[in-house]
Amino acid sequence: MPPDSHSTAILLLAAGASTRLGQPKQLLKINDQTLLEKMAGVALSAALRPVVVVLGAFFKMTSAALTDLEVEVVKNENWAGGMGGSIACGMKHIQGHHPEAGAVLVMLGDQLFVTPELLRQLIETRHKTGALIVASSYAGTAGPPALFDRQLFGELAALHGKPGAKAVIEKHADSLVEVPFQKGVADIDTMEDWERWGK
């Protein structure tokens, strides 16, 4: 029996301090909305629930940007410790509040070209293959947005440090299916990135 897409949670990571950018990347403006609003909107448009957003640095300002959206905001007090800790923080929230979740789709707050269609493609691929992990492929690697089966929730909740979920993906490479996403390489770390991709 294929996995149930309705039991898939989305975990959106947006806790970083944007030190190389020099200002909160979450609040960069695209047309009339912030980057954080845009990415949360993409997650919501995939029609999966819950959408859990992990924030940390600039919490007061970034959480205010999400006031009118149907998302659950989680604060990672140890946001400076890296992406692994933010994933763990979000996963503990999902495990505690949404025990029905059969999978989690992890996405980053600065991958500008992620679309609801890509997220749905990841879900559909999981349905067709039953893979433990369905990840986006770009620049010779597999990474976010990436979908993880509930069998891996414990490993995700135990992450810490900067590497994110890379170790989990590599550990279960034999249970990985990749979905091409060439534009996944585009993220925002510097103002040069923003000039290149954001405008």
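Position in the sequence shown (from 1) plus 3 gives the number in this note's numbering. No residue lacks a Cβ here, since even glycine has one placed at the ideal position from N, Cα and C. From a predicted model like this one, the values you see are computed outputs, not experimental measurements.
Next on the checklist: Between the alpha carbons of Pro-183 and Leu-39, how many angstroms are there, rounded?
Outcome noted: 24 Å
Checklist entry - So Val-117 packs on Thr-128, CB below 8 Å; how close in whole Å? => result About 15 Å separates the two Cβ atoms, so there is no contact after all.
Checklist entry - Unbroken beta strand (DSSP E) runs of length 3 or more, entirely within the region 161-202: which are they? => result 179-183
Item to check | For Gln-29 and Thr-65, believed in contact at Cβ under 8 Å, the rounded distance | outcome: 5 Å
Item to check | Segment contact, 8 Å Cβ cut-off, at least three pairs: the region 150-169 with the region 87-101 | outcome: yes
Next on the checklist: Quick check: what's the CA-CA separation for Ser-178 versus Asp-152?
Outcome noted: 10 Å
Item to check | Residues near Val-45 in its chain [Cβ-Cβ closer than 7 Å; skip 5 each side] | outcome: Val-117, Thr-118 and Pro-119
Item to check | For Val-107: DSSP bridge partner residues | outcome: Ala-12 and Phe-151
Checklist entry - Looking at the unbroken alpha helix (DSSP H) that takes in Lys-78, where does it start and where does it end? => result Premise fails: Lys-78 lies in the beta strand (DSSP E), 75-78, not in any alpha helix (DSSP H).
Checklist entry - Over what stretch of residues does the beta strand (DSSP E) that includes Val-45 continue unbroken? => result Where Val-45 is concerned, there is no enclosing beta strand (DSSP E), although the alpha helix (DSSP H) it sits in stretches over 38-48.
Checklist entry - Expressed to the nearest angstrom, what Euclidean distance is found between the alpha-carbon atoms of Val-188 and Ala-60? => result 24 Å
Next on the checklist: With H, G and I counted as helix, E and B as strand and the rest as coil, what does DSSP make of Gly-112?
Outcome noted: coil
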